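So the sequence lines, in the order shown, correspond to chains A and B. Sequential numbering from 1 applies to the first sequence in my numbering. Sequential numbering from 285 applies to the second sequence in my numbering.
2 protein chains.
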Amino acid sequence: MFAIGSVERDTGISRDTLRIWERRYGFPTPERNDKGERVYSAEQIQRLQRIRRLLDQGFRPGKVVPLEDEALNKLADTLHDVLLSQRGIDPAHTRLIDLASSGDIPALNSALEQVLAREGLSSFVLDTFAPLTKSVGELWAAGRLQIFEEHILTRHLVRFLEVAMSRVGYPPGNPEVLLGTLPGEQHALGLLMAEALLINSGRATLNLGTDVPLDEIVTAAERSGVSTVALSFSGCYTRNAIRDDLEELAERLPRAIRIWIGGDGVRRLRRLPPSVEIMSLESI
Amino acid sequence: MFAIGSVERDTGISRDTLRIWERRYGFPTPERNDKGERVYSAEQIQRLQRIRRLLDQGFRPGKVVPLEDEALNKLADTLHDVLLSQRGIDPAHTRLIDLASSGDIPALNSALEQVLAREGLSSFVLDTFAPLTKSVGELWAAGRLQIFEEHILTRHLVRFLEVAMSRVGYPPGNPEVLLGTLPGEQHALGLLMAEALLINSGRATLNLGTDVPLDEIVTAAERSGVSTVALSFSGCYTRNAIRDDLEELAERLPRAIRIWIGGDGVRRLRRLPPSVEIMSLESI
DNA sequence: AAGCATTTTTTGTCCTAGACAAAAGAAATT
DNA sequence: AATTTCTTTTGTCTAGGACAAAAAATGCTT
């Protein structure tokens, strides 16, 4: 049995939210210890994690939190298939997904090496690596991967790409593009793919990684002398938060520095500050 | 001006803690917006981050939270020097630290490559990489590195070691040792160093990375057929939490699987479950 | 002194329920 | 089709007290 703090840590759902879901949707239904504090069973935590994954895929709390176990399973189960069939099915890609979901890392590794050698880094990133990470995310949301499997896969994919980048070699000279995500944003794969494409086209980069406070980005951009700052926003980031952050950034950054933004969070965005451009991986 | 939630995110100090520090120590002293909510200035956040770093180094809240800006700066400023002089000074190491703190990544990179080529991976990890990461942590605590500089350095060190590992080549066959940290533990460098040493001695590993729930570790260990589970605990982890987690893990893991633990958090630990051993990097 | 057990101090987490604004969806308008 | 307006949904923040876990300090034993 687990305290609300552990549940927050394990599920990424805040205490406040857990308490208010209980009030509004009747789930979760923790018991109480002798101190009167909520204690959650492992089953409820598991269900919360399943809910969390569905929310990350864009479902709304009111639609999924009150669902019974069965309905939840069914929803998650159909999710990946639906998304995959929408995109159309590429047999080579299907094979990679099978390797990924079966957890056969060495086989996945050599399959990736083959594709990389055949297609070159840019095409590999765009046509193979990006869809593969997307599928991993969906498999995860659908509950077909255990947490540890997702951990291993993501780590491995990151490592694979970093090694591939090191083989291309880091371009010499001062960095042109600074990459990073703002606080609260943990998705590093988008940045990494952008970095790979930039390096492959001979442009030096400075990757700050995830979770970088805004004023640190400003300082880093000024000190390093880059001409472009590239930020990635995943779907979790809300539109207004993105707009506010971008306005502040545009204001505080020297005029000469361009801002590129990318990721699932920017798709529905309009009315950007003048120095901000939406970039897709393809356009790098 | 920032809401309490942003401060929690940027400093890693929980809302509850921020409020209770205000009551107990008279710091921070946020103003209020028209809704009556706390709003924190950038200066206060910066001071909170400085406090946070000192706490991570083992100071207690009562000693540092009430301190004035000046006293805080002085304390942080002397910290790294004291720790460094305690360890004794190696000129080669000093040069690396200078490169690291000056942010000259290419120069640091080639310096590391030289040492690696001369000493080999194991000795490089033990005698160069480990002390260097320790120094980076101390410089960070002392406030001599900006957040972004610490980000860049850590990312770079990780990448360097991963590429070095890939050059040695991953040993074939089933993994023998599973590596990971439990939820709440974000320090990945210890795991990475252990992995490098294991790989260099021909043992295949499975690195789950940070923040892995206990039952996922159990499942992963059973499925992958490892003979050893290695966990890392940084100084932030409390002794009792470690003991409880280890007892649960020892109980749920098959008897044949050994448990290794390492990291700053395990130094003062006693009375361990029978299957648990404290391992230092040197003894791998 | 070093190891262990006990007491005292310090410290963080959790509780309540209501208020409210931000986000997203739906509907209406240009 | 794009923008504006309205409505519903959703998460964040407030307070101060209670309390236990953690760490330090003390005392005791070897």
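The beta carbon of each residue, even a glycine, is placed where N, CA and C say it ideally should be. Please read all numbers here as calculations on a predicted model, not as lab measurements.
Three-state secondary structure assigned by DSSP to residue i
| i | result |
| --- | --- |
| A/ASN73 | helix |
| B/TYR309 | helix |
| B/VAL258 | Only positions 285 to 568 of chain B appear in this structure, which leaves residue 258 of chain B out of reach. |
| B/GLY509 | coil |
| B/ILE543 | strand |
| B/PHE432 | helix |
| A/ILE278 | strand |
| B/VAL442 | helix |
| B/ARG316 | strand |
| A/THR133 | helix |
| A/THR205 | strand |
| A/PHE2 | strand |
| A/LEU253 | coil |
| B/ARG322 | strand |
| B/SER516 | strand |
| A/SER102 | helix |
| A/PHE124 | helix |
| A/SER14 | coil |
| B/GLU352 | coil |
| A/ASP90 | coil |
| A/VAL168 | helix |
Integer-rounded CB distance, given that residue j should sit under 8 Å from residue i
| i | j | result |
| --- | --- | --- |
| A/LEU108 | A/ASN200 | Not quite, the Cβ-Cβ distance comes to about 22 Å (not below 8 Å), so this is no contact. |
| A/ASP211 | A/GLN186 | 7 Å |
| A/GLU162 | B/GLU446 | 6 Å |
| B/PRO557 | B/GLU506 | About 18 Å; that fails the 8 Å criterion. |
| B/LEU530 | B/SER508 | Between B/SER508 and B/LEU530 the Cβ distance is about 20 Å, and since that is not below 8 Å, they are no contact. |
| B/LEU410 | B/ALA395 | Their Cβ separation, rounded to whole angstroms, is 17 Å, which puts B/LEU410 and B/ALA395 out of contact at 8 Å. |
| B/SER511 | B/THR465 | Not really, about 20 Å apart at Cβ, beyond 8 Å. |
Neighbour flag for residue i against chain A, beta carbons, 8 Å
| i | result |
| --- | --- |
| B/LEU490 | yes |
| B/GLN430 | yes |
| B/PRO497 | yes |
| B/ASP382 | no |
| B/ARG443 | yes |
| B/GLY549 | no |
| B/PRO467 | yes |
| B/SER325 | no |
| B/GLY493 | yes |
| B/LEU374 | Contrary to the premise, residue 374 of chain B reads as Asp rather than Leu in this sequence. False, the Cβ-Cβ gap to chain A never drops below 8 Å. |
| B/ARG293 | yes |
| B/ARG439 | yes |
Within-8 Å CB hit, residue i to chain B
| i | result |
| --- | --- |
| A/GLU216 | yes |
| A/HIS151 | yes |
| A/VAL276 | no |
| A/ALA220 | yes |
| A/THR162 | The amino acid occupying residue 162 of chain A in the given sequence is Glu; Thr does not appear at that position. By this cut-off, A/GLU162 is an interface position. |
| A/SER166 | yes |
Among the options, the one whose alpha carbon lies nearest that of residue i
| i | options | result |
| --- | --- | --- |
| A/PRO28 | A/LEU54, A/GLU68, A/ARG9, A/GLY36 | A/GLU68 |
| A/LEU18 | A/VAL65, A/ASP245, A/GLY58, A/ALA42 | A/VAL65 |
| A/TRP260 | A/GLU8, A/VAL229, A/ALA241 | A/VAL229 |
| A/GLY263 | A/LEU249, A/GLU119, A/ILE278 | A/ILE278 |
| A/THR11 | A/GLU31, A/VAL226, A/SER234, A/ILE51 | A/ILE51 |
| B/ASP388 | B/GLY464, B/GLU292, B/LEU441, B/ARG402 | B/LEU441 |
| A/THR154 | A/GLY265, A/ASP16, A/SER101 | A/SER101 |
| B/LEU462 | A/ILE217, A/ILE152, A/PRO172, A/ALA194 | A/ILE152 |
| B/GLU315 | B/GLY289, B/VAL291, B/MET285 | B/MET285 |
| A/GLN49 | A/GLY26, A/GLU113, A/TRP140 | A/TRP140 |
| B/PRO459 | A/SER123, A/GLY173, A/PRO106 | A/PRO106 |
| B/ARG536 | B/GLU566, B/VAL502, B/GLY320 | B/VAL502 |
| B/TRP305 | B/ALA326, B/GLU327, B/LYS347 | B/LYS347 |
| A/GLY184 | A/ALA241, A/ASP34, A/LEU249 | A/ALA241 |
| B/LYS319 | B/PRO497, B/ALA287, B/ALA401, B/ARG428 | B/ALA287 |
| A/LEU198 | A/ALA220, A/VAL168, A/ARG243 | A/VAL168 |
| A/ARG144 | A/ARG15, A/LEU75, A/SER283, A/GLU113 | A/LEU75 |
| B/ILE541 | B/VAL550, B/SER559, B/GLY457, B/GLY549 | B/SER559 |
### Task
Evaluate contact between the region 417–427 of chain B and the region 125–136 of chain A, counting only Cβ atoms and requiring at least three cross-stretch pairs below 8 Å.
no
### Message
Check whether the region 329–344 of chain B and the region 357–364 of chain B touch, using three or more Cβ-Cβ pairs below 8 Å as the test.
### Response
yes
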